[in-house]
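Each position in the sequence shown, counted from 1, maps to that position plus 1277 in our numbering. To keep things clear, I will list the structure first and then write my remarks on it.
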Amino acid sequence: MTDADAAAPGIQLVTIFHNPGCSKSRGALDMLNERSVDYRVVDYLVSPPSRETLTMIVSKLVDPAPELIRTTDERFIELGVDPSACRSAEEVIAFLLVHPDLMQRPIVVAGDRAVIARPIERLAEVLDGL
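Quick look at the structure:
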């Protein structure tokens, strides 16, 4: 499915925030397909998430909000940002609004839960409840 697709009434839809250049993200798509999960793909580099979307992800995330930022990425290091400046949910959201390319991937949202699917086996945390 694409970002423009919508779930039919009564069908649980999974959303994957995907980077096609990331092997983990592609692996998560493979797992969703293997499990015949109805999902939509958001290529967050093409369509960066809004404040509302990031707030929703953070509110459902089973991981601490700061883990949404790729603090070990070369680009993050080049920016010279102190990781301690991105500890609260609001700080994480504000940072990702400006630097969506530094968002962890893949992020999978299913129902009331979201997970950073690294390793991709973590998908089970949100898929097993569907």
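Note that CB positions come from ideal geometry on N, CA and C, so glycine has one too. It should be emphasised that the depicted structure is a prediction, and the values quoted were computed from it without experimental measurement.
To the nearest whole angstrom, what separates the beta carbons of residue i and residue j, a pair I think is in contact under 8 Å?
| i | j | result |
| --- | --- | --- |
| Pro1326 | Phe1294 | 7 Å |
| Ala1391 | Leu1407 | Contact doesn't hold; Cβ gap of about 13 Å is too wide. |
| Pro1383 | Ser1302 | 4 Å |
The beta strand (DSSP E) spanning residue i covers which residue range?
| i | result |
| --- | --- |
| Val1339 | It is not in any beta strand (DSSP E) - Val1339 carries neither H nor E in the DSSP assignment. |
| Ala1391 | Arg1390 to Ile1393 |
For residue i, count neighbouring C-beta atoms within 10 Å of its own C-beta (all shown protein chains included) and say buried if the count is 16 or more, exposed if not.
| i | result |
| --- | --- |
| Leu1404 | buried |
| Thr1349 | exposed |
| Ala1305 | buried |
Are residue i and residue j touching if we call contact CB-CB under 8 Å?
| i | j | result |
| --- | --- | --- |
| Tyr1321 | Val1291 | no |
| Met1308 | Ile1397 | yes |
| Gln1381 | Leu1338 | no |
| Ala1362 | Val1335 | no |
Name the one or two DSSP bridge partners that residue i has.
| i | result |
| --- | --- |
| Thr1330 | Partner(s): none; Thr1330 has no beta bridge. |
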